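Inspection log for the structure reproduced underneath, given as structure tokens.
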Amino acid sequence: MNDFKNFINGQWVGSDKTFENRNPVDNSLIGLVHEASASQVDEAVRAARAALTGPWAQLKTQQRVDLLHALVDGIERRFDDFLDAEIKDTGKPHVLASHVDIPRGAANFKVFADLIRNIPTETFPMDTPDGGRALNYGVRTPRGVIGVVCPWNLPLLLMTWKVGPALACGNTVVVKPSEETPATATLLGEVMNEVGIPAGVYNVVHGFGPDSAGQFLTEHPDVDGITFTGETGTGEVIMKAAAKGVRPVSFELGGKNPGIVFADADFDKAVAGITRSAFENSGQVCLGTERVYVQRPIFERFVQALKEKAESFKLADPYEKGMNFGPLVSLVHRKKVLGYYEKARAEGATIVTGGGVPDMPAPMDQGAWVQPTIWTGLPETSPVIREEIFGPCCHITPFDTEEEVIAMANATSYGLAATVWTQDLGTAHRLGAALNVGLCWINSWFLRDLRTSFGGAKQSGIGREGGVHSMEFYTELRNVCIKL
Ligand code: NAD
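With the UniProt record's numbering applied, the sequence shown covers 1 to 484.
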């Protein structure tokens, strides 16, 4: 059995308060997680503060870049350990974790290490009122101690998406992984020590949100900025905590993303694309499409084709060959998702497929499995269409005109992502301009160039991360003006 300890100042720190980490495939016990106390979180923040002026701060940019590359190599050397840890925590398919979660988790360090080596700052020569000259130039300095609060759906990938740029910019971090998925953040501590990242630069504190490590970290006055990915409601609580001391936040929050299929779309590609966007990672992707809009001439055919795809998933042990659909992350989350399945039924939705719990053989019958589910026939006002479910499900609504679908797609308090399927260039550009989202994919979904911006409009987030955009949050930009 594993023991998941806190990682503070390069040391493993236990706690007398532990909680269980269970595998959602069969609810078996993976290990015990050591819940950090308020004083241990304080210890981690103090270690991070001290590291800001220690050996880490003395490194030349190239040395920091080299260390981050060594970290990538370190993760790759222990690829199978990371893979195993992530699969046990989440139950996600081996094929997905080995092609997305772990490689991207490592790549995040490489991308930002390379970026920091190449990024310019602005320069403005100016004429001065006395007839002379002056030169302005920007200097970027680390923001300081960054609190990193993470969700459970892509644990390593979303954590390093924040820790990568934070460290590349010279900050130090205290990470609070999700209580559901503590393993890969803990394992990364081992790699940090193996490759020689100075003590205190990367710290991990385990626990929950309220009255636990999440709250202790985000309320800590010596944290200089908080980057958070998770639910919008949690973001509201964290924003209040950050208000004290006027600390900046970077938020990647919830979504209720539209998938829009026009009648002129390449039908097979659109079906394959929406199959991914609705069901990948068992629907537990913030960018996923739980609202699908299909133009009326192809509506019936599309619903039938998506049904066939949903019914062809192989639900099995993550290591079984051909397995491509895992359980939800926990029994608690399954209860929430099944609540929406029930609500859809009660509201009179047509259940095209799924709608319940699949029949799994023992011991997987103890796991957090749900059926991939498709509904039609609900009004746009239904909570099933308005609220984020975060499960493998979607509702499909027919539409007639471009104006109508834009209005329906934008009628939400969220604004994270959209995926649009059409062969008409004009439609593509018009939708790209009209959809009120941070990310709009045309004829694709979750196709990411890490140099581009990532984040949400409206209640889906604050700020943008990715490429140079990450510099806005992870550095302070100082203007130096020299009178010549
Ligand atoms: P969550 O908000 O429940 O938890 C996220 C993290 O916040 C966890 O580590 C949790 O312990 C911590 N937390 C909870 N309450 C807290 C509090 N009061 N103070 C401090 N920390 C607290 O989210 P989740 O269920 O883990 O993740 C799913 C959610 O994340 C979905 O809403 C999804 O859309 C969103 N998400 C968004 C993105 C994005 O990029 N926009 C990416 C992935 C997930």
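Note that CB positions come from ideal geometry on N, CA and C, so glycine has one too.
Predicted model, so just to flag it, every value in this text is computed and none were measured.
- [ ] Using the Cα positions of Ala57 and Asp222, report the straight-line distance between them to the nearest angstrom.
- [x] 18 Å
Open item on the list: Within 8 Å, do at least three Cβ pairs link the segment 472-479 to the segment 426-433?
Closed with: no
Task: Pairwise C-alpha distance: Thr172 and Leu71 - done: 15 Å
TODO: Drop a sphere of 10 angstroms on the beta-carbon of Ser37, count the other beta-carbons inside from all chains shown, and report buried for 16 or more, exposed for fewer.
DONE: buried
Open item on the list: If you follow the beta strand (DSSP E) that Arg345 is in, where does it begin and where does it stop?
Closed with: Run containing Arg345: none in the beta strand (DSSP E); it sits in the alpha helix (DSSP H), 331-346.
Task: Cβ-based burial, His99 [other Cβ within 10 Å; buried from 16] - done: exposed
TODO: Quick one: residues in its chain with C-beta nearer than 6 Å to the C-beta of Trp152, no 5 flanking neighbours on either side, listed in chain order?
DONE: Ser178, Glu180, Thr181, Val329
Open item on the list: Give me, in chain order, the residues of the same chain whose beta-carbon lies closer than 6 Å to that of Cys169; leave out the 5 immediate sequence neighbours on both sides.
Closed with: Pro142, Tyr474, Thr475
TODO: Return the chain-ordered list of same chain residues with a C-beta closer than 7 Å to the C-beta of Lys343, the five sequence neighbours on each side being excluded.
DONE: Pro383, Val384
Task: Whole-angstrom distance between Arg345 and Arg451, CA atom to CA atom - done: 43 Å
- [ ] Leaving aside the five residues before and after Ile298 along the sequence, list all residues of the same chain whose C-beta is less than 6 Å from its C-beta, in chain order.
- [x] Ala263
- [ ] With DSSP collapsed to three states, give me the class of Lys176.
- [x] strand
TODO: Please indicate yes or no: does the CB of Pro210 lie closer than 7 Å to some heavy atom of the ligand NAD?
DONE: yes
Task: Contacts around Ala48, its chain only, beta-carbon distance under 7 Å, and the 5 residues preceding and following it disregarded - done: Val145, Thr172, Val173, Val174, Gly200, Asn203
Open item on the list: Report the start-end ranges of each alpha helix (DSSP H) in the segment 84-135 that is 4 residues or longer and not cut off at the edges.
Closed with: 102-118
Task: Near the ligand NAD: Ala157 beta-carbon under 7 Å from a heavy atom - done: Residue identity differs from the one stated: residue 157 is Leu in this sequence, not Ala. For the ligand NAD, not one heavy atom lies less than 7 Å from the Cβ of Leu157.
TODO: Compute the distance between the beta-carbons of Glu35 and Gly207, then report whether it is under 8 Å.
DONE: yes
Task: Val420 versus Ala213, Pro258, Gly245, residue with shortest Cα-Cα distance - done: Pro258
Task: Close-in-space but distant-in-sequence residues of the same chain around Asp26 (CB under 6 Å, 5 per side omitted) - done: Pro363, Met364, Gln366, Gly367
TODO: May I have the straight-line CA-CA distance separating Phe228 from Gly132, to the nearest angstrom?
DONE: 47 Å
Open item on the list: Measuring only from the beta carbon, is Pro221 closer than 7 Å to any heavy atom that is part of the ligand NAD?
Closed with: no
- [ ] Work out the CA separation of Ser312 and Lys5 for me, nearest whole Å.
- [x] 40 Å
- [ ] Report yes if the C-beta distance between Thr121 and Gly138 is below 8 Å; otherwise report no.
- [x] yes
Task: Endpoints, alpha helix (DSSP H) assigned at Thr218 - done: 213-218
Open item on the list: Per DSSP, what are the beta-bridge partners of Lys256 in this structure?
Closed with: None, per the DSSP bridge assignment.
Open item on the list: Quick check: Gly456 and Gly438, are their CB atoms within less than 8 Å of each other?
Closed with: yes
Task: CB-CB length for Ala409 against Leu435, believed under 8 Å - done: 6 Å
- [ ] Measure the alpha-carbon distance for Phe124 versus Leu135 and round it to whole angstroms.
- [x] 6 Å
Task: Beta carbon of Asn23 nearer than 8 Å to that of Gly74 - done: no
- [ ] Starting from the Cα of Ala107, find the closest Cα among Glu76, Asp16, Arg334 and give me that residue.
- [x] Glu76
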